[in-house]
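Residue numbers (UniProt numbering): 1 to 402. Worksheet for the structure shown next.
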């Protein structure tokens, strides 16, 4: 694709990166076949190829309207198009760059700015989110049904192993997971302990930065990344062998630290080291001797939902399935595995109607084989699926820990 970016973008690192991505696109349209929003809306502007043209117009200085931004806002950033693209177009980076620049050049209406500002202040703040969630759970019985379904029932935290092994891995507690699904990391720690590995969290580490980054608050996101690197670094220097991610949304973001901080002289090398050490829990377990685990039977037939961040961003499609099969779990057949459930970070809040349509499609695809439960690998997907699923929804590691 030929490009001619305006001077204000052409001379910036982000503009130059965006231009190189645009030039890789050959307009083939293969991406539209696997784009959830294009499949749902059948509008070229709501598919990757059409959105690339809209972003190109903006970066080349042509008039871009609020309608154009609406089509970009409808993008889930699921990155299914990247898995399909034969030319290796890094669409996710292109849309993050373009959205960020567009926020600077085209301020949103006050109401939209307030909603996005609020999300960026509440969700990454572990304590504030936890407090508000507890209030929602306290008053859940009297909430209107439309709100009640969005408040997950309170889950009790379970104990971590008291002893430790010589092998140490780091984990990220994150922002939403500790209060919404506190058993996830605890279950992972217990399973790893049985395999001779001790998992530890760095208390000073917080949100991975994904919420701010995808809401175009890039500076705040970079600060969150630096804070996490500082929190992990002593353990890395002490010999921690990996940074294990139990939420693939966080994993996808942390694996980008090296790229996003490459121009920071203080953090570039450390950020790349952190990205290189980051691995999804399933991929780590697949390298271990799973025969040491005595996995109890009785989970019934299980449908696994592979989050977009796991299969498209982290490129780990099929890994968790292998772990579950090795553990003797009876996996149900599912359809349209590549399509997003509609959670996509804050998407279910900012694009509720389309998100619900995608959720309904995904639940139909997950339940064609009448599973007894649904498991997934990301906190956002888990909470989103749970709002409408007719069977229990949980993190897959809980099956191995049962």
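The C-beta atom is built at its ideal place from N, Cα and C for all residues, glycine as well. Computed from a prediction, not measured in an experiment: that's the story for all the values here.
With 16 other Cβ atoms within 10 Å as the buried cut-off, status of residue i
i: residue 394; result: buried
i: residue 156; result: exposed
i: residue 265; result: exposed
i: residue 294; result: exposed
i: residue 141; result: exposed
i: residue 48; result: buried
i: residue 88; result: exposed
i: residue 180; result: buried
Whole-angstrom C-beta distance between residue j and residue i, which should lie under 8 Å
i: residue 129; j: residue 176; result: 6 Å
i: residue 346; j: residue 211; result: 7 Å
i: residue 218; j: residue 100; result: 5 Å
i: residue 94; j: residue 52; result: 7 Å
i: residue 300; j: residue 250; result: Rounded, the Cβ-Cβ distance is 29 Å, inconsistent with contact.
i: residue 171; j: residue 244; result: 5 Å
i: residue 206; j: residue 126; result: 6 Å
i: residue 404; j: residue 248; result: Coverage of the chain is limited to positions 1 through 402, which leaves residue 404 absent and any answer about it impossible.
Separation of residue j from residue i, as counted between CA atoms
i: residue 314; j: residue 106; result: 32 Å
i: residue 329; j: residue 375; result: 11 Å
i: residue 369; j: residue 297; result: 19 Å
i: residue 196; j: residue 336; result: 37 Å
i: residue 241; j: residue 277; result: 7 Å
i: residue 405; j: residue 291; result: Since the first residue shown for the chain is 1 and the last is 402, residue 405 is missing from the structure and cannot be characterised.
i: residue 37; j: residue 358; result: 8 Å
i: residue 343; j: residue 381; result: 6 Å
i: residue 388; j: residue 152; result: 11 Å
i: residue 449; j: residue 203; result: Outside the displayed range of the chain (1 to 402) lies residue 449, so it cannot be described from this structure.
i: residue 392; j: residue 1; result: 47 Å
i: residue 61; j: residue 214; result: 23 Å
i: residue 451; j: residue 96; result: No statement about residue 451 is possible, as the shown extent of the chain runs from 1 to 402 and does not include it.
i: residue 64; j: residue 90; result: 22 Å
i: residue 371; j: residue 332; result: 6 Å
i: residue 139; j: residue 77; result: 33 Å
i: residue 165; j: residue 273; result: 23 Å
i: residue 148; j: residue 137; result: 9 Å
i: residue 185; j: residue 208; result: 15 Å
i: residue 67; j: residue 103; result: 14 Å
i: residue 239; j: residue 311; result: 29 Å
Residue i, enclosing beta strand (DSSP E) - first and last residue
i: residue 279; result: 278-280
i: residue 393; result: 393-395
i: residue 243; result: 243-245
i: residue 374; result: 373-376
i: residue 171; result: 167-171
i: residue 198; result: 197-201
i: residue 338; result: Careful: residue 338 lies outside any beta strand (DSSP E) and carries neither H nor E.
i: residue 353; result: Segment 352-366 is the alpha helix (DSSP H) holding residue 353; no beta strand (DSSP E) there.
i: residue 58; result: Residue 58 -> not in any beta strand (DSSP E); alpha helix (DSSP H) instead, spanning 48-59.
Check: residue i C-beta below 6 Å from any heavy atom of the ligand FAD
i: residue 332; result: Absent from the structure shown: the ligand FAD. Ligands present: none.
Boundaries of the alpha helix (DSSP H) in which residue i is found, first to last residue
i: residue 115; result: 110-122
i: residue 214; result: 210-214
i: residue 23; result: 13-24
i: residue 326; result: 319-326
TODO: Spell out a yes or no on whether the region 173-193 and the region 151-161 are touching, meaning 3 or more CB-CB pairs, one atom from each, closer than 8 Å.
DONE: yes
Open item on the list: Across the region 302-318 and the region 362-373, are there enough close Cβ pairs to call them in contact, namely three or more that are closer than 8 Å?
Closed with: yes
Open item on the list: For the region 279-287 against the region 211-223, do three or more pairs of beta-carbon atoms, one drawn from each stretch, fall closer than 8 Å, so that the two count as touching?
Closed with: no
Task: Three-pair Cβ contact test at 8 Å for the region 12-28 versus the region 56-73 - done: yes
Task: Meets three-Cβ-pair contact criterion under 8 Å: the region 58-76 and the region 233-248 - done: no
Task: Cβ contact (3+ pairs, closer than 8 Å) linking the region 351-359 and the region 316-323 - done: no
Open item on the list: Using a Cβ distance threshold of 8 Å, determine whether the region 28-44 contacts the region 79-88, with at least three qualifying pairs required.
Closed with: yes
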